[in-house]
Each structure stands twice: as structure tokens, then as C-alpha cells.
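Everything on this sheet refers to the single structure shown next.
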Amino acid sequence: MSQTLELIFNDAVNKAIKIQIPKIEHFLNESAVKEGMTKLIELDILRPKSGIPTTAHSAQIIDKTTKLIFEN
């Protein structure tokens, strides 16, 4: 099972901007993720195609499980 951290920011016009970080291996708590998102905004280094993040909206961990049905 692989886990992906999805960070969701809002831009100046309140449009959601999602950034995914794959292969999360350590437990993350709310305060650490919020602090990291705030630092990313303050450093002003994120330049996605849709807009520049201005606020942290939410974060979630996505679990993905792959089950092999058959293999030749």
C-alpha cells in the first residue's frame, strides 16, 4: 500500500490548488503539515499552472492499494 500526501491551497481568488507528494512513509500530524504549508507559502516558491497559493486550505493522506488479479 502506498500513501500520498495531498496539500490543498487556495489562491488569491479562492480557487483550490492541489499538490501531491507520493510515497509518504512517516506519520504526519496536523501541526507539522500546517507549518510546512505555511512555510511553502512564505517562501513563495510554488508556481503551479493554475495560480499562486496564498493560504493553506486542507491536507489529506490518500491510501492506494493494488491487488493483482492475474499475471501472465
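When the letters of the sequence shown are read in order and numbered with the UniProt record's numbering, they come out as residues 1 to 72.
Glycine is no exception: its CB is placed at the ideal position from the N, C-alpha and C atoms.
As the structure is a prediction and not an experimental result, all values here were calculated from the model.
Residue closest to residue i, alpha-carbon to alpha-carbon, out of the options
{"i": "residue 7", "options": "47, 69, 34 and 66", "result": "34"}
{"i": "residue 18", "options": "27, 72 and 58", "result": "58"}
9 Å Cβ cutoff met for residue i and residue j
{"i": "residue 38", "j": "residue 20", "result": "no"}
{"i": "residue 53", "j": "residue 61", "result": "no"}
{"i": "residue 66", "j": "residue 9", "result": "no"}
Cβ neighbours of residue i in the same chain (closer than 8 Å, five flanking residues each side left out)
{"i": "residue 48", "result": "17 and 19"}
{"i": "residue 51", "result": "11, 12, 13, 15 and 17"}
Beta-carbon contacts of residue i that lie in its chain and below 6 Å, excluding the five residues immediately before and after
{"i": "residue 22", "result": "4"}
{"i": "residue 64", "result": "2"}
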